[in-house]
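Enquirer:
Following this line, the structure appears as structure tokens:
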């Protein structure tokens, strides 16, 4: 591939930085020419790029915890127990599966962005990831909708099972935004 001043070489080498920067010439960086300030600059670039991802992950994780904070502060122990059990049930049956599928999307989108000649595959993978995640949530949504029945079959206290069922029925409304955010986050991480 011929290199010019308007094109960028995206082939990584041992001396390529982790954060992509357009290269103006085809000359590789000689490791002997690197100064400590170059390493500090690279660390600063990585730090700047990681802060939004870090904050996004914190906000995403706070969805489940924020309800527990408010319930623990303003309602009783029984309501807190129901919310905790519901969050655990949702985490095991739903959120963990979404997390697994979006990790697959991380890999596929990264490979499509860096290794494929057709960069539109990143968008195709995003669309398929959202569709697969939402399709997966159809049976999970049914399980969440019938949580009260399931917990009663497992001999959980009837009032606690009823509260858990109500909590998860409301949490069902958050499936589409959660899946969309998780998949879009993977899409953005790949670029």
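Numbering (full-length UniProt numbering), first residue to last: 1 to 191. Glycine is no exception: its CB is placed at the ideal position from the N, C-alpha and C atoms. Computed from a prediction, not measured in an experiment: that's the story for all the values here.
Using the rule of at least 16 other Cβ atoms within 10 Å of the residue's Cβ for burial, across every protein chain shown, is residue 116 buried or exposed?
Expert: Residue mapping note: residue 116 aligns to position 116 of the chain shown, counting from 1. The residue is exposed, with fewer than 16 neighbouring Cβ atoms inside 10 Å.
Enquirer: Please state whether DSSP places residue 118 in a helix, a strand or coil.
Expert: In the chain shown, the residue the question calls residue 118 occupies position 118. Three-state result, residue 118: coil.
Enquirer: Specify the secondary structure class of residue 156 as computed by DSSP and reduced to three states.
Expert: If you number the chain shown from 1, residue 156 lands on position 156. Reduced to three states, the DSSP call for residue 156 is coil.
Enquirer: Taking 6 Å as the limit between beta carbons, can you name the residues of its chain near residue 137, skipping five residues before and five after?
Expert: Numbered from its first residue, the chain shown carries residue 137 at position 137. Excluding positions up to five away in sequence, the list reads 175.
Enquirer: Using 8 Å as the Cβ pair cut-off and three pairs as the minimum, do the region 162 to 172 and the region 140 to 148 touch?
Expert: Enough Cβ pairs lie closer than 8 Å, so yes.
Enquirer: Report the option in 56, 84, 37, 38 whose CA atom is closest to the CA atom of residue 69.
Expert: Residue mapping note: residue 69 aligns to position 69 of the chain shown, counting from 1. Residue 84 is the option with its Cα nearest to residue 69.
Enquirer: Can you tell me whether DSSP reads residue 75 as helix, strand or coil?
Expert: Reading the chain shown from its first residue, position 75 is the one you call residue 75. Three-state DSSP puts residue 75 in coil, outside helix and strand.
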